[in-house]
Amino acid sequence: MSIKTINISIDVLINVLKGLNKKAKDEIFERVFIEGDREPLSKEEKEAMIKAEQELREGKTIKWSCGR
Numbered sequence: 001m002s003i004k005t006i007n008i009s010i011d012v013l014i015n016v017l018k019g020l021n022k023k024a025k026d027e028i029f030e031r032v033f034i035e036g037d038r039e040p041l042s043k044e045e046k047e048a049m050i051k052a053e054q055e056l057r058e059g060k061t062i063k064w065s066c067g068r
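1 is the number of the first residue of the sequence shown in the numbering used here; add one for each residue after it.
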């Protein structure tokens with residue numbers, strides 16, 4: 001697969017994304033930001049996941065308002 005690169009201002013990019021429907025945004029997100037990893041989680045990664053899930057259940061998370 002070839003790599004494609006573009007230069008665009010962040011403001012223009014945000015305005016373009018705001019105008020897209022959810023399906024189009026999901027496709028862009030999957031193609032641009034999601035990296036496949038088939039390796040099993042390490043012991044440390046498993047422990048971090050358990051800790052994060054516990055913090056989420058206890059309400060010890062910070063709401064991220066970016067993009068809203």
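C-beta: ideal position from N, C-alpha, C; glycine also.
Between which two residues does the alpha helix (DSSP H) carrying Leu17 extend?
Ile10 to Lys18
Near Glu45, what residues of its chain come up, given a Cβ to Cβ distance below 7 Å and the 5 sequence neighbours on each side ignored?
none
Mind reading off the beta-carbon distance from Lys25 to Leu17? Whole number of angstroms is fine, and I expect it under 8 Å.
6 Å
Thinking Thr61 and Glu55 are a contact (beta carbons under 8 Å), I'd like their distance in whole angstroms, please.
6 Å
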